[in-house]
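No gaps in the numbering here: position 213 of the sequence shown is 822 in this note's numbering, and each next residue is one more. Idealized CB from N, CA, C, for every residue including glycine. Note that the coordinates shown come from a computational prediction; the quantities given were computed from them, not determined experimentally.
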Amino acid sequence: MLEVISEYGGLTVLAPAKVNLTLRVLGTRPDGYHVLESVVAGVTLFDTLHAEPDGDLSLACRGLEAPAGPDNLILKAARALGARCGIRAGARLSLEKRIPVGRGLGGGSSDAAATLVALNDLWRCGLDPAELAAVGASVGSDVPLFFGPPMAVMRGRGEDIEPLETRFTWTLVLAWPAYRMPTAEVYAAYDRLGEDGDAKPSATAILEVLGGPVRDAASFLVNDLERAADNMRERRFDVRACLHDAGAQAVGMTGSGSAYFAVADTEAEAQRWADAAGVAGAETYLVALQSEGTDQRENST
Ligand code: C5P
């Protein structure tokens, strides 16, 4: 999903947002993490990470607010790579943040994956993508998926990535409210609910309808975490209802929320819904499925 641009004296990596088109929780692991099955797609909303050689490790952020301090996934990823490769080099990192934080769009994980790719090059670590993904898994469950292609089935804790050839041409309206969803709390709320999801379609059932008209997809956009996230939202802004009111039929929640997406057959339709949802109080952004990066296209010929 990542796209790397080499420049004299540094590297820039485009780090996309992801959308969980579906997310089913299949069980709980002894360590408390959940066993997932999820169809995930990279979409055309990007953070930009730039890395240059430097003696110290530093990070400067512009754009939307990003978590500062040692909990920042970029700095965690840099330290994890340094430890893995026995390197104590630094780097001057700068991030242009466009993917909103705490909305289930994977921005922090994507930034962490971008950091691993950039520093692997800058520090000449020589790790291959699978090794980088393994370092990424120690930083966050969603990091490994960003080393894969634009669409994949994600399984296990998140580390098991099955690349998909499947493509869709839908336009997606991303819509999110002012509040964030704390992922760990949503999973804990899910456990308390004790949901029985047997009646729902499987996470991969959506693959059958991906190329077709959007109306066929509506009942397949399942996310087992939605009821838990919805309960936590209480009476705050209802993004799903807002998108439905705007005219969208096929609506899903990504990750643990708080962002939702609506799929549209045409960009004009998506724009109408985005405008209406925006007037009703949601932040919106139109995206397409991310296309393969130049490197991947060259490799496949
Ligand atoms: O791995 P990461 O730190 O991104 O996960 C954040 C939280 O989400 C975890 O602390 C855990 O509560 C929950 N989680 C989970 N099962 C997964 C992924 C995340 O329970 N497969």
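Beta-bridge pairing of Phe655 - partner residues as DSSP gives them: Pro625
Start-to-end residues for the alpha helix (DSSP H) that takes in Asp603: This structure does not reach residue 603, given that the chain is present from 610 up to 910, and the question cannot be answered.
Using the rule of at least 16 other Cβ atoms within 10 Å of the residue's Cβ for burial, across every protein chain shown, is Thr724 buried or exposed? buried
Is Gly716 near the ligand C5P, going by C-beta to nearest heavy atom under 8 Å? no
Within 8 Å: the Cβ of Asp751 and any heavy atom of the ligand C5P? yes
For the beta strand (DSSP E) that contains Ala891, what are its first and last residues? Element bounds for Ala891: n/a, residue is neither H nor E.
Runs of alpha helix (DSSP H) wholly within the stretch 695-728 (minimum 4 residues, chain order): none
Mapping the DSSP letters down to three states, classify Thr792 as helix, strand or coil. helix
Whose C-alpha, out of Phe756, Ala784, Thr780, Ala826, is nearest the C-alpha of Glu771? Phe756
Could you check whether the stretch 777-785 touches the stretch 668-680, counting it as contact only if at least three pairs of C-beta atoms, one from each stretch, sit closer than 8 Å? no
Can you give me the start and stop residues for the alpha helix (DSSP H) that Gly745 sits inside? 738-748
Is the beta carbon of Leu630 sitting closer than 9 Å to the one on Val644? no
Starting from Ala873 and walking both ways along the beta strand (DSSP E), at which residues does that stretch end? 869-873
Please classify Glu771: does DSSP put it in a helix, a strand, or coil? strand
At a cut of 8 Å, does the stretch 726-738 reach the stretch 688-695 through at least three beta carbon pairs? yes
Coarse secondary structure for Arg633, derived from DSSP in three states: strand
For Val823, I'd like the list of residues in its chain whose CB is within less than 8 Å of its CB, leaving aside the five on either flank, ordered along the chain. Trp779, Gln858, Ala859, Val872, Ala873, Asp874
In whole angstroms, what is the alpha-carbon distance linking Ala742 and Glu768? 8 Å
Short Cβ contact (9 Å threshold) for Leu704 with Leu668: yes
C-alpha distance - Arg881 paired with Thr863, whole-angstrom precision: 21 Å
Looking only at its chain, what residues have a beta carbon closer than 8 Å to the beta carbon of Asp663, apart from the 5 residues adjacent to it on each side? Gly699, Ala700, Arg701
Per-residue burial, Asn840 [other beta carbons within 10 Å of its own, 16 or more giving buried]: exposed
Answer yes if the stretch 824-837 comes into contact with the stretch 794-801, meaning at least three C-beta pairs across the two stretches below 8 Å, and no otherwise. yes
For Leu682, the three-state DSSP class (helix, strand or coil): helix
Spell out the partners DSSP gives Trp785 in its beta bridges. Glu892
Cα-Cα separation between Val762 and Ala686, rounded to whole angstroms: 23 Å
Beta carbon of Thr775, beta carbon of Leu830: below 9 Å? no
Cβ pair Phe846, Gly890 closer than 9 Å: yes
Looking at the secondary structure, which residues open and close the alpha helix (DSSP H) in which Ala837 lies? 835-842
Can you tell me whether Ala624 sits near the ligand C5P, meaning its C-beta is under 8 Å from at least one heavy atom of the ligand? no
Mind checking whether the beta-carbon of Thr792 lies closer than 8 Å to any heavy atom of the ligand C5P? yes
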